[in-house]
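Protein chains in written order, with our numbering: chain A, 18 to 266; chain S, 18 to 266; chain W, 18 to 266; chain C, 18 to 266.
Here is the structure we will look at.
Protein chains: 4
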Amino acid sequence: MNDKLRILVWNEGVHEANNEPSHIGDIYPDGIHGAIAAGLRSYYPEAEITTAVLATDDEHGLDEEVLAETDVLLWWGHIAHHEVSDAVVERVHRHVLGGMGLIVLHSGHFAKVFTKLLGTSCSLAWRNDGERELVWTVKPSHPIAEGVDSPIVIPEQEMYGELFDIPDPDDLIFISSFAGGEVFRSGVTFTRGKGRIFYFSPGDQEYPVYHHPQIQRVLANGVKWAAQPGLHRAAPEVTNPSRNWFDQP
Amino acid sequence: MNDKLRILVWNEGVHEANNEPSHIGDIYPDGIHGAIAAGLRSYYPEAEITTAVLATDDEHGLDEEVLAETDVLLWWGHIAHHEVSDAVVERVHRHVLGGMGLIVLHSGHFAKVFTKLLGTSCSLAWRNDGERELVWTVKPSHPIAEGVDSPIVIPEQEMYGELFDIPDPDDLIFISSFAGGEVFRSGVTFTRGKGRIFYFSPGDQEYPVYHHPQIQRVLANGVKWAAQPGLHRAAPEVTNPSRNWFDQP
Amino acid sequence: MNDKLRILVWNEGVHEANNEPSHIGDIYPDGIHGAIAAGLRSYYPEAEITTAVLATDDEHGLDEEVLAETDVLLWWGHIAHHEVSDAVVERVHRHVLGGMGLIVLHSGHFAKVFTKLLGTSCSLAWRNDGERELVWTVKPSHPIAEGVDSPIVIPEQEMYGELFDIPDPDDLIFISSFAGGEVFRSGVTFTRGKGRIFYFSPGDQEYPVYHHPQIQRVLANGVKWAAQPGLHRAAPEVTNPSRNWFDQP
Amino acid sequence: MNDKLRILVWNEGVHEANNEPSHIGDIYPDGIHGAIAAGLRSYYPEAEITTAVLATDDEHGLDEEVLAETDVLLWWGHIAHHEVSDAVVERVHRHVLGGMGLIVLHSGHFAKVFTKLLGTSCSLAWRNDGERELVWTVKPSHPIAEGVDSPIVIPEQEMYGELFDIPDPDDLIFISSFAGGEVFRSGVTFTRGKGRIFYFSPGDQEYPVYHHPQIQRVLANGVKWAAQPGLHRAAPEVTNPSRNWFDQP
Chain A
18 MNDKLRILVW NEGVHEANNE PSHIGDIYPD GIHGAIAAGL RSYYPEAEIT
68 TAVLATDDEH GLDEEVLAET DVLLWWGHIA HHEVSDAVVE RVHRHVLGGM
118 GLIVLHSGHF AKVFTKLLGT SCSLAWRNDG ERELVWTVKP SHPIAEGVDS
168 PIVIPEQEMY GELFDIPDPD DLIFISSFAG GEVFRSGVTF TRGKGRIFYF
218 SPGDQEYPVY HHPQIQRVLA NGVKWAAQPG LHRAAPEVTN PSRNWFDQP
Chain S
18 MNDKLRILVW NEGVHEANNE PSHIGDIYPD GIHGAIAAGL RSYYPEAEIT
68 TAVLATDDEH GLDEEVLAET DVLLWWGHIA HHEVSDAVVE RVHRHVLGGM
118 GLIVLHSGHF AKVFTKLLGT SCSLAWRNDG ERELVWTVKP SHPIAEGVDS
168 PIVIPEQEMY GELFDIPDPD DLIFISSFAG GEVFRSGVTF TRGKGRIFYF
218 SPGDQEYPVY HHPQIQRVLA NGVKWAAQPG LHRAAPEVTN PSRNWFDQP
Chain W
18 MNDKLRILVW NEGVHEANNE PSHIGDIYPD GIHGAIAAGL RSYYPEAEIT
68 TAVLATDDEH GLDEEVLAET DVLLWWGHIA HHEVSDAVVE RVHRHVLGGM
118 GLIVLHSGHF AKVFTKLLGT SCSLAWRNDG ERELVWTVKP SHPIAEGVDS
168 PIVIPEQEMY GELFDIPDPD DLIFISSFAG GEVFRSGVTF TRGKGRIFYF
218 SPGDQEYPVY HHPQIQRVLA NGVKWAAQPG LHRAAPEVTN PSRNWFDQP
Chain C
18 MNDKLRILVW NEGVHEANNE PSHIGDIYPD GIHGAIAAGL RSYYPEAEIT
68 TAVLATDDEH GLDEEVLAET DVLLWWGHIA HHEVSDAVVE RVHRHVLGGM
118 GLIVLHSGHF AKVFTKLLGT SCSLAWRNDG ERELVWTVKP SHPIAEGVDS
168 PIVIPEQEMY GELFDIPDPD DLIFISSFAG GEVFRSGVTF TRGKGRIFYF
218 SPGDQEYPVY HHPQIQRVLA NGVKWAAQPG LHRAAPEVTN PSRNWFDQP
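What follows is the structure, given as structure tokens:
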């Protein structure tokens, strides 16, 4: 089943285009999206895995036809959230409600579509000091935790700390601690409409986090969990049924 | 404590202004908001309970000063959701994240501020056929269920049925069934930011539901639960703390 | 993957042995467990699907070796809960915490292992009056709801009604209404330790519910969701790690 | 209201009796229960606050009459869980289902009544190395978080770390990190039957944690949240209502 998944890795791609930080080309020669896609290919060699960036086209590579053919969309953004057009945000939102999986990564917590889906500010505490991050599993029965070490040790990362202003998640799978003592709900799921959403915080542009085998495993698990390939893609709508409509043959 | 609560009952007030349905003046001579406010006064005789409608002023009676002085806002709307200005919606949303309680009633499921807070379509099934509604308590330990009969019997109501497209609530307190067999999660809570939200579905403009003593009890409990009168009203914000900031005296 | 699942359908088998009700042999000639197993075989033709009843042996067919080789255990019981030995209850409990899937059916709400896993009385309201049950989906994004009609119409069933004294479930998937107006949280999931638990209420011994194609679909989905075939079966245990143990190679 | 609360602080009292550790008399001259009770008295000066220990009497000070007159029971235990009689465990369990509040502290995670209410092993990782604990608020809208600093800084504590084998809590309010990098869900709520349960982990016998003003604040908030003084104390029970019973006057 999973080998036929249609996965789209979206990255704003602005850090790469600006060569900022200057070593980004060293750690991500194919872009952050390229590294994420490579990790997923190692798990699902026959899946259709494509990538797109903000500058792809007027629709940022996220037009109606593309989304209709996408089972799971991964989203990485940071400094260009405001450049994503509202029309694209509305479209992605609608597809999530209709059943498209969405995996939001790291600074994507401020992506317009994420705050629109969650309804909160999604604000947090942050500090870029190259701190060790430990990612602890707290829900081992969840499919996204399958085969994942606890803790995952990430030698250097940007710190993301509480208060993370999100609604109570459906499932809290991972909690991170940082060398400075802060904690963060780093792996959380939500459902909105028919769609499944997974937010996973590790992955700053300054550190080679997406090459970490355990991080790749989490993302592969996340894609498998979020995908609903056979589902008719349609957001819930108002209905006005007559009495006993369910008895009609 | 609760006698000092500052409660604002907001109603679009359009059905009343239009005398539609024609008997609305008979069942709600002081408007839907008037009936709700009267019910709350019987529970909290010393509270500051005020009302406002869409036509109150340019801000619909919901300007910055008013919201800053409101512990809990109750919201009834139906045919005029689109007439609520986006600026007011943004303001109410910000106050909820900052800790203002919000109680959304019946057809308020489609209020702009509710869908903005929840992130889903909030669509549902409906049928106006004067069906008996039974409201069953499923979380008796919740403060909103305190002293409430299970079931509450409402002789005639509009049917609201599943699928109700909302996120998983923090707490599911009431489930309704209707004479036609449909069910509905009729009493649910959410938290967003520092704010507490209660959605309660009974209360159509055609039926005298807000005069029902048990419905009044639920709303009184809801107000008490949602209020945080001592809280500094400020939505969560991004911070960038230095290491060990918490050790500073 | 799913064709290799190891599924055990357990039924106390006492109604069948006693021929009570007298038509049970007509609706369930191979026992309730036989009907459930047949339904699962139609979905997973290559799975290892076995059955056991209370009288199978001293261990009720649930010895250590059997459970160790079981991915998902389905449990139907009613009038003989007290005859299940405490040793077997402890063993099943331990296997669930270690990752074995458990699907508890209908009057299994009072099975010793279910109340032990949940910690509550699991009491409810009931009435055997052959009422129509409607099973409504309220979480369409859940794997157990995949492809399931909403509502499922069951022409005649025993009524189970709220208050169902269970902890808040991880996921509420189905809510039922009955002709008499009662409602019931009829499809709920829990996790305990590493194990996944699904409770599904339709299925009284007096009515041929397990032949209903939609009910069979729900059970097939439940088995697939609850199974973790690759997981090392071990319940969580206390550990006393030294500092920085996670840095050891 | 809260000044009339009836609060019972229960402590096994074995560490104190054994003078183990040898400095326990210095940090807790009135016992751990005495310190907890003193903290609560500063918040609720007119409440009836009593204490009991394992050796109080044959019922450990927890007979039927006492529990019937208790709104909230706080529980501290560690090395003598097995000495608590099963009859007392059953009684406390029944009172919780009937609506008595229960606050379980620190090593009380292994109290018989706690594992019975939760259904899991409640196992965890631990290390007694005098590590700094930081207690972070992750649900600021919860009554138990009212007025609490985030983080609470505890200079020295025993480390409790994940995996904490508990069911998904109703609300996750606090997450702790420790100097060694481990994290722990240190403040969680559950409901069982009509009862409200709060588990809060800080408070080892070796460190003067219960004198910490912020810890006292959390416990005071917890008591207020868990108490239901007006509730009829009766656990949910099976009922067998006739059709339309709710229409009877």
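For glycine and all other residues, C-beta sits at the position ideal for the given N, C-alpha and C.
- As computed with DSSP, Tyr216(W) is found in a beta bridge with Val121(W) and Val205(W).
- In the DSSP assignment, Asn28(W) falls within the beta strand (DSSP E) that extends over Arg23 to Asn28.
- Proximity to Glu107(S) across Glu63(S), Ala252(S), Trp262(S) and Arg260(S) peaks at Ala252(S), based on C-alpha coordinates.
- Residues Arg234 and Asn238 of the same chain have their beta carbon placed closer than 8 angstroms to that of Gly164(W), with the five preceding and five following residues left out of the count.
- Bridge pairing for Gly210(W): absent [DSSP].
- By the C-beta density criterion, His40(A) is exposed, having fewer than 16 other C-beta atoms within 10 angstroms.
- In terms of CA proximity to Glu37(W), Ile96(W) leads the group Thr68(W), Ala69(W) and Ile96(W).
- Here the C-alpha atom of Arg209(S) lies approximately 6 angstroms from the C-alpha atom of Pro184(A).
- Cα atoms of Lys21(A) and Ala64(A): separation of roughly 5 angstroms, rounded to the nearest angstrom.
- Not flagged as an interface residue toward chain W: Leu135(A), since no C-beta distance is shorter than 8 angstroms.
- Under the criterion of beta carbons closer than 8 angstroms, Ser138(S) and Asp182(S) qualify as touching, at roughly 5 angstroms.
- The residue from Trp153(C), Gln174(C) and Asp47(C) with its alpha-carbon nearest to that of Ala196(C) is Gln174(C).
- If you look at Asp43(S), you'll find it in the alpha helix (DSSP H) that goes Ile41 to Ile44.
- Where Leu90(W) is concerned, the enclosing beta strand (DSSP E) starts and stops at Val89 to Trp93.
- In the same chain as Pro172(S), and ignoring 5 residues on each side of it, the C-beta atoms closer than 7 angstroms to its own belong to Arg149, in chain order.
- Between the alpha carbons of Gly48(W) and Val155(A) lies a distance of about 40 angstroms.
- C-alpha of Lys211(C) to C-alpha of Tyr177(W): approximately 19 angstroms in a straight line.
- Remark: C-beta atoms of Leu141(S) and Pro168(S) do not approach each other more closely than 8 angstroms.
- Under a criterion of Cβ atoms nearer than 9 angstroms, no residue of chain C is adjacent to Ser102(A); the nearest Cβ is some 33 angstroms distant.
- With contacts defined by Cβ atoms closer than 8 angstroms, Ile66(A) and Phe217(A) do not form a contacting pair.
- With a contact defined as Cβ atoms closer than 8 angstroms, Val70(C) and His99(C) miss out at about 16 angstroms.
- Within the model, the alpha-carbon separation for Ser59(S) versus Leu236(S) is close to 11 angstroms.
- By the Cβ-count criterion, Glu254(A) is exposed, with fewer than 16 other Cβ atoms from all chains shown falling within 10 Å of its own Cβ.
- Secondary structure within the stretch 124 to 180 of chain C: the beta strand (DSSP E) runs of 3 or more consecutive residues, fully enclosed, are 142 to 154 and 169 to 178 (chain order).
- Boundaries of the beta strand (DSSP E) harbouring Leu189(W): Asp188 to Phe195, taken from the DSSP string.
- At a cut-off of 8 angstroms between C-beta atoms, Ile192(W) counts as an interface residue with respect to chain S.
- Here Gly42(W) is not near Trp93(W), since their CB atoms are 8 angstroms or more apart.
- Excluding sequence positions up to five before and after Arg250(C), its CB lies within less than 6 angstroms of the CB of Gly115 and Gly116, all in the same chain and listed in chain order.
- Restricting attention to Ala52(W), Gln265(W), Leu79(W) and Gln231(W), the CA atom closest to the CA of Val130(W) is found in Leu79(W).
- Judged by beta-carbon spacing, Glu179(A) lies beyond the 8 angstroms limit of Phe207(A), meaning their Cβ atoms are not closer than that value.
- Within chain C, the residues placing a beta-carbon under 7 angstroms from that of Arg213(S) are Ser158, ordered along the chain.
- Per the coordinates, the alpha-carbon of Ala54(S) lies some 10 angstroms from the alpha-carbon of Tyr61(S).
- Boundaries of the alpha helix (DSSP H) around Ile49(A): Gly48 to Tyr60.
- Residues of the stretch 208 to 241 of chain W with a Cβ closer than 8 angstroms to any Cβ of chain C, in chain order: Thr208, Arg209 and Gly210.
- Going by C-alpha positions, Val226(S) is about 57 angstroms away from Val83(W).
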